[in-house]
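S.K.:
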Amino acid sequence: MRCQQIVEFGKPLESRDYETPTPQGTEVLLKVSACGVCHSDLHLWEGYFDMGGGQKLDLADRGMKLPFTMGHEIVGEVIALGPEATGAQIGDKRIVFPWIGCGDCARCIDGDELLCLSPQTLGARYNGGYSDEVIAPHPKYLVPFDGIPAELACTYACSGLTAYSALKKLSHLKEEDTVVIIGAGGVGLSAVHFAPSVVKCKIVVADIDADKRETALKSGATAVIDNSDPDAIQKLMEMTGGGAAASIDFVGAPSSATFGLNILRKGGTLIVVGLFGSSIPLSLPTLPLMMRTITGSYVGSLSEMHELMALVQQGKVAPIPYDVRPLDTAHQSLMDLKDGKATGRIVLTPG
Ligand SMILES: [Zn+2]
Ligand SMILES: [Zn+2]
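Going by the numbering used here, the sequence shown wraps up at 351, each residue one higher than the last.
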């Protein structure tokens, strides 16, 4: 198998060849057809997350061993099965759900693998899809995508799922409520596309980029706002009649999260999704006085992945733009993403 690997954090990825692994137990070996390049891959490649206040979450300290193969938006074809891998067939083309837990702890047994303290995420803990072959630990993590191009289907495993799961946390909102989506990049725009299938409320999109606001309007947003406008908060208060019921911050930067908090009405919820990093000062009395909730949403569960793919297959989700490139451009593709030169999701194919 040929992989594009992190050999040293922050240094160019290197192409390395290994013996094709033999699947053990319940494992499944897939030939990779496509793998999306995600913003969080940039953090993994750098080797840390900026936790704010000068604190860094160092991935080497968290047990990430190099060389390592990133890639968690994986689609492939089953080419070998371990002796206990039932429920998959050779030739099956599947999305590989990457957000896998240990399988043994109370959270995993409850089906909340995302809450597992020993995650086994493909492309973050276990070698992922920047490769021509990948091991999935169990057939239950293989999700069908019939009728959808592989290069698009892979993006649902993170970008699409993240948008879906964040929005689903607001499915209780009413028609007259407003949710403000902050950041109309790939994930934020996916959320705008899904919104009518997941929530009943109005969708306002905030972005500092005029082109992205325009795209958001064309994608079905009720209204858009420039959050760099000094009057943006006031305008939103007027637009919503006293504040939004919720905001979803797909950026996760101090400015976007502060904005997301300041536009909430009483009882409103800020959901932070983006992993840009750093921290914000927080006025504690505003939490009880305004009865606000700040919460986080991280990717999504396996059952949400199935729900999402059902919506996709019913044609209820507009495809996001994607840019297919050969696997050996992995490093350049990562740098293009870092430099903001990616238009749509970059998807690597081993070719
Ligand atoms: Zn991702
Ligand atoms: Zn677990």
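Where a beta carbon is used, it is the ideal one built from N, C-alpha and C, also for glycine.
Measuring straight from C-alpha to C-alpha, what distance separates Lys420 and Ala206?
M.R.: It is not possible to answer for residue 420, since the shown part of the chain is limited to 1 through 351.
S.K.: Just checking my contact of Ser118 with Cys3 at CB under 8 Å: how many whole Å lie between their CB atoms?
M.R.: On the sequence shown, residue 118 is found 118 positions in, with the first residue counted as 1. On the sequence shown, residue 3 is found 3 positions in, with the first residue counted as 1. At roughly 24 Å, the Cβ-Cβ gap does not stay under 8 Å, so Ser118 and Cys3 are not in contact.
S.K.: Roughly how far, in whole angstroms, is the beta-carbon of Leu348 from the beta-carbon of Ala330, given that I think they are within contact range, below 8 Å?
M.R.: Counted from its first residue, the sequence shown places residue 348 at position 348. Counted from its first residue, the sequence shown places residue 330 at position 330. Right, their Cβ atoms sit about 6 Å apart.
S.K.: For Leu327 and Pro350, I'd like the C-alpha separation in whole angstroms.
M.R.: Looking up residue 327 in the sequence shown gives position 327. Looking up residue 350 in the sequence shown gives position 350. Leu327 and Pro350: Cα-Cα distance of roughly 5 Å.
S.K.: Between Ser40 and ligand 1, is the CB less than 7 Å from at least one heavy atom?
M.R.: As a position in the sequence shown, residue 40 is number 40, starting the count at 1. Yes, since a heavy atom of ligand 1 falls inside the 7 Å radius drawn around the Cβ of Ser40.
S.K.: So is His39 buried or exposed if we call it buried at 16+ other beta carbons inside 10 Å?
M.R.: Position 39 of the sequence shown, counted from the start, is the residue given in the question as residue 39. With 16 or more Cβ atoms within 10 Å of its Cβ, His39 is classed as buried.
S.K.: For Glu133, does the count of other Cβ atoms within 10 angstroms reach 16, so buried, or fall short, so exposed?
M.R.: Translated into the one-based positions of the sequence shown, residue 133 becomes position 133. By the 10 Å Cβ count, Glu133 comes out buried.
S.K.: Per DSSP, what kind of secondary structure is Lys235 in: helix, strand or coil?
M.R.: Position 235 of the sequence shown, counting from 1, holds the residue named residue 235. In this structure, Lys235 counts as helix in the three-state DSSP scheme.
S.K.: Return the residue from the list Tyr48, Lys338, Cys201 and Met309 that minimises the CA-CA distance to Gly160.
M.R.: Residue 160 sits at position 160 when you count from the first residue of the sequence shown. Ranking Tyr48, Lys338, Cys201 and Met309 by Cα distance to Gly160 puts Met309 first.
S.K.: If you count every other CB in all the chains shown that lies within 10 Å of the CB of Val7, and 16 or more means buried, which is it?
M.R.: Mapped onto the sequence shown, residue 7 falls at position 7. So Val7 counts as exposed.
S.K.: At a cut-off of 7 Å, is His72 close to ligand 1 when judged by its beta-carbon and the heavy atoms of the ligand?
M.R.: By 1-based counting over the sequence shown, the position of residue 72 is 72. Checking every heavy atom of ligand 1 against the Cβ of His72, one is found closer than 7 Å.
S.K.: So Thr86 and Pro139 are in contact, right, with Cβ under 8 Å, and what is the actual spacing, rounded?
M.R.: The residue given as residue 86 occupies position 86 in the sequence shown. The residue given as residue 139 occupies position 139 in the sequence shown. Between Pro139 and Thr86 the Cβ distance is about 7 Å, and since that is below 8 Å, they are a contact.
S.K.: Tell me, to the nearest whole angstrom, how far the beta carbon of Glu304 is from that of Ser165; I am working on the premise that it is less than 8 Å.
M.R.: Along the sequence shown, one-based indexing puts residue 304 at 304. Along the sequence shown, one-based indexing puts residue 165 at 165. Right, their Cβ atoms sit about 5 Å apart.
S.K.: What beta strand (DSSP E) runs, 3 residues minimum, are completely inside the segment 88-175?
M.R.: Fully enclosed beta strand (DSSP E) runs of 3 or longer: 93-96, 133-136 and 142-144.
S.K.: Would you decide whether Gly101 is buried or exposed? Buried here means 16 or more other CB atoms lie within 10 Å of its CB.
M.R.: By 1-based counting over the sequence shown, the position of residue 101 is 101. Gly101 comes out buried.
S.K.: In this structure, does DSSP put Val224 in helix, strand or coil?
M.R.: Locating residue 224 in the sequence shown gives position 224, counting from the first residue. Strand.
S.K.: Measuring alpha carbon to alpha carbon, tell me which of Leu142, Lys266, Gly277 and Arg107 ends up nearest Leu122.
M.R.: Start at 1 with the first residue of the sequence shown, and residue 122 comes out as number 122. Out of Leu142, Lys266, Gly277 and Arg107, Leu142 has the C-alpha closest to the C-alpha of Leu122.
S.K.: Just the C-alpha distance for Glu307 and Gly111, rounded to the nearest angstrom, thanks.
M.R.: Numbered from its first residue, the sequence shown carries residue 307 at position 307. Numbered from its first residue, the sequence shown carries residue 111 at position 111. Going from the Cα of Glu307 to the Cα of Gly111 covers about 15 Å.
S.K.: Does the beta carbon of Cys154 fall short of 7 Å from some heavy atom of ligand 1?
M.R.: The residue you call residue 154 lines up with position 154 of the sequence shown. Every heavy atom of ligand 1 is 7 Å or more from the Cβ of Cys154, so no.
S.K.: What separation, rounded to the nearest whole angstrom, lies between the Cα atoms of Thr286 and Gly52?
M.R.: Here residue 286 refers to the residue found at position 286 of the sequence shown. Here residue 52 refers to the residue found at position 52 of the sequence shown. Thr286 and Gly52: Cα-Cα distance of roughly 21 Å.
S.K.: Indicate the three-state DSSP secondary structure (helix, strand or coil) for Val273 in the structure shown.
M.R.: Here residue 273 corresponds to residue number 273 of the sequence shown, with the count starting at 1. Coil, per DSSP.
S.K.: Nearest-angstrom Cα distance between Ile225 and Gly147?
M.R.: Residue mapping note: residue 225 aligns to position 225 of the sequence shown, counting from 1. Residue mapping note: residue 147 aligns to position 147 of the sequence shown, counting from 1. Ile225 and Gly147: Cα-Cα distance of roughly 36 Å.
S.K.: Please tell me whether, using a cut-off of 7 Å, the distance from the CB of Arg62 to the nearest non-hydrogen atom of ligand 2 is below it.
M.R.: Here the question's residue 62 lines up with position 62 in the sequence shown. Flag unset: Cβ of Arg62 not near ligand 2.
S.K.: Pick out every residue whose C-beta is nearer than 5 Å to a heavy atom of ligand 2: which are they, in chain order?
M.R.: For ligand 2, the selected residues are Gly101, Cys102, Cys105, Cys108 and Cys116.
S.K.: Would Leu152 pass as a contact of Val299 if the rule is Cβ separation under 8 Å?
M.R.: Indexing the sequence shown from 1 puts residue 152 at position 152. Indexing the sequence shown from 1 puts residue 299 at position 299. It is not a contact, given that the beta carbons lie outside the stated cut-off.
S.K.: Which two residues bound the contiguous beta strand (DSSP E) that contains Gly296?
M.R.: The residue given as residue 296 occupies position 296 in the sequence shown. That run of the beta strand (DSSP E) goes Thr293 to Gly296.
S.K.: Is Cys158 near ligand 1, in the sense that its beta carbon is under 7 Å from a heavy atom of that ligand?
M.R.: Mapped onto the sequence shown, residue 158 falls at position 158. Indeed, a heavy atom of ligand 1 lies less than 7 Å from the Cβ.
S.K.: Helix, strand or coil: which one does DSSP assign to Pro254?
M.R.: Along the sequence shown, read from residue 1 onward, the residue named residue 254 stands at position 254. Pro254 falls in the helix class under three-state DSSP.
S.K.: Could you please give the first and the last residue of the uninterrupted beta strand (DSSP E) stretch that includes Leu282?
M.R.: Within the sequence shown, numbered from 1, the residue matching residue 282 stands at position 282. Where Leu282 is concerned, there is no enclosing beta strand (DSSP E), given that its DSSP letter is neither H nor E.
S.K.: For Ile79 versus Leu44, is the C-beta spacing smaller than 8 Å?
M.R.: To locate residue 79, count along the sequence shown from 1; it is residue 79. To locate residue 44, count along the sequence shown from 1; it is residue 44. No, the Cβ-Cβ distance between Ile79 and Leu44 is not below 8 Å.
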